[in-house]
Amino acid sequence: MVHRLLLAWVLTAAVLAAQDRPPNILFIFSDDHGSQAISAYGSQLIQTPNIDRLAREGARFDRTLCTNGICAPSRAVVLTGRYSHLNGVTTNAESFDGSQVTFPKLLQQAGYQTAMIGKWHLKSEPTGFDHWEVLRGQGPYYNPNFLTPEGLQKHEGYTTDIITDRALAWLEKGRDASRPFLLMYQHKAPHRHWQPAPRHLRLFDDVTIPEPDTLFDDWAGKGPAAKMQEMTVAHHLFPNDLKLVPQHGLTDHQAAMWNAAYGPKNAAFEAAKLEGRARTRWMYQRYAKDYL
């Protein structure tokens, strides 16, 4: 049904093209981005004015369903409009079959110039795009390699900024201005392990993030499915998540800024030898600040 709706939309766009120019499409994708971290949905944790503007001037979805919450399968669903058991990607271990119909391919047939820039994470090379630059796998938060049709390209800097810059470069210099475009502009952030940009390393130093009511929930009396989600702060945040071990892949300058921001706080944590709820509270603050 979704596939037929997409096809109908594309055919309609093709008919309208004879009368009026079809709209350009900028598809913005963030990764593991909870609605609790978007102020348009009422979050008091952080202000997201640019996202809020999109919600205010466009449409905000309040009742939606994610057909598959895992990274690669979710992306395959978006591209195909088909459930995971039909598009062939049910886990992150499977490779996306690029020969199947996707909405970028349908837009190409309708005369659109298409581009994919950022996180792809589908193991196979992108298809249905006139231009693509994608992270290798999950990609790092700093100094990423991009896969392109011309080969591997190395970039230095913060990955969110680089993806944005590459998208802007394509919009300004890479596209054919005589044609409508689809740009899928897809971020790694804020996917685990939540590494902030250098300019944000100290952003929340003097802030205490409100604790959720479920912070100390031990799942007692609940079914096994709740435990299998591995969502508790106390048991499922590890040293790398908490930035308690050296971070790899940084330049000397980046490492110096990182260590200056985290070193004293980590030393204070180790010296305090926190246990029980006090330790869980510290872990939550570290996680929430890095995520935001």
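Taking the numbering used here, I'd label the letters of the sequence shown as residues 1030 to 1321.
A virtual CB, placed ideally from N, CA and C, is assigned to each residue, including glycine.
Relative to the C-alpha of residue i, which candidate in the options has its C-alpha closest?
| i | options | result |
| --- | --- | --- |
| Thr1096 | Ala1249, Thr1109, Arg1085 | Thr1109 |
| Phe1132 | His1114, Pro1155, Glu1123, Ala1317 | Pro1155 |
| Met1312 | Trp1248, Asn1079, Ala1226, Ala1263 | Ala1263 |
| Gly1305 | Val1274, His1282, Phe1245 | Phe1245 |
| Ala1296 | Gln1283, Thr1280, Pro1275 | Pro1275 |
| Asp1215 | Gly1186, His1150, Asp1091 | Reading off the sequence shown, one finds Gln at residue 1215, where the question assumed Asp. That would be His1150, whose Cα lies nearest to the Cα of Gln1215. |
| Gly1140 | Arg1165, Asp1205, Ser1072 | Asp1205 |
| Pro1227 | Gln1129, Asp1190, Glu1086, Glu1179 | Asp1190 |
| Ser1064 | Leu1074, Phe1056, Ile1057 | Leu1074 |
| Phe1056 | Gln1258, Thr1177, His1282, Leu1200 | Leu1200 |
| Gln1137 | Arg1089, Arg1208, Leu1164 | Arg1208 |
| Asn1288 | Met1257, Arg1231, Gln1167 | Arg1231 |
| Tyr1170 | Tyr1187, Leu1164, Asp1242, Val1163 | Tyr1187 |
| His1184 | Thr1280, Asn1079, Arg1085, Gly1071 | Thr1280 |
| Lys1217 | Asn1174, Gln1167, Ala1255, Trp1248 | Gln1167 |
| Gln1224 | Pro1078, Gly1098, Gln1283 | Gln1283 |
| Arg1308 | Pro1293, Ala1285, Asp1091, Phe1267 | Phe1267 |
| Asp1194 | Glu1162, Leu1176, Glu1179, Leu1094 | Glu1162 |
Taking DSSP's pairing of strands, which residues face residue i in a bridge?
| i | result |
| --- | --- |
| Glu1123 | Bridge partners of Glu1123: none, in fact. |
| Ile1057 | Tyr1214 |
| Gln1142 | Phe1210 |
If you reduce the DSSP assignment to three classes, tell me which class residue i lands in.
| i | result |
| --- | --- |
| Val1163 | strand |
| Gly1147 | strand |
| Tyr1316 | helix |
| Thr1177 | strand |
| Gln1283 | helix |
| Lys1183 | strand |
| Leu1321 | coil |
| Ala1070 | According to the sequence shown, residue 1070 is Tyr rather than Ala. Of the three classes helix, strand and coil, the one that applies to Tyr1070 here is helix, per DSSP. |
| Arg1092 | coil |
| Tyr1170 | coil |
| His1326 | The chain is shown only over 1030 to 1321; residue 1326 falls outside these bounds and no answer can be derived. |
| Glu1304 | coil |
| Thr1131 | coil |
| Phe1298 | helix |
| Gln1076 | coil |
| Asp1049 | coil |
| Arg1033 | At Arg1033, the pLDDT of 39 sits below 50, so the modelled position is not reliable; the number obtained from the coordinates is stated separately. Looking at Arg1033 - three-state DSSP - the assignment turns out to be helix. |
| Ser1103 | helix |
| Glu1201 | helix |
| Gly1292 | helix |
| Gln1224 | coil |
| Leu1108 | helix |
| Thr1193 | helix |
| Leu1115 | helix |
| Glu1086 | helix |
| Leu1230 | coil |
| Thr1156 | coil |
Contact defined as beta carbons within less than 8 Å: I believe residue i pairs with residue j. What is the distance between those atoms, to the nearest angstrom?
| i | j | result |
| --- | --- | --- |
| Ser1103 | Phe1125 | In fact, because the Cβ distance is near 12 Å, the residues do not count as touching under 8 Å. |
| Leu1321 | Phe1233 | 7 Å |
| Ala1069 | Asp1081 | 4 Å |
| Gly1278 | Asn1172 | 6 Å |
| Ser1113 | Val1106 | 6 Å |
| Ile1238 | Ile1192 | So it is not a contact: roughly 26 Å between Cβ atoms. |
| Asn1053 | Phe1210 | 5 Å |
| Glu1240 | Arg1315 | With a Cβ gap of about 13 Å, Glu1240 and Arg1315 do not count as contacting. |
| Pro1219 | Asp1060 | 7 Å |
| Ala1144 | Asn1121 | 24 Å between Cβ atoms; not a contact. |
| Tyr1291 | Lys1318 | At roughly 11 Å, the Cβ-Cβ gap does not stay under 8 Å, so Tyr1291 and Lys1318 are not in contact. |
| Asp1270 | His1222 | 6 Å |
| Leu1181 | Ala1196 | Actually they do not touch by this definition, with Cβ atoms about 19 Å apart. |
| Gly1203 | His1160 | 6 Å |
task = Could you pull out every unbroken alpha helix (DSSP H) segment of at least 4 residues lying fully inside the segment 1232–1276, listed in chain order?
result = Runs of alpha helix (DSSP H) with 4 or more residues, each lying fully within the segment 1232–1276, are found at 1253–1257, 1262–1265, listed in chain order.
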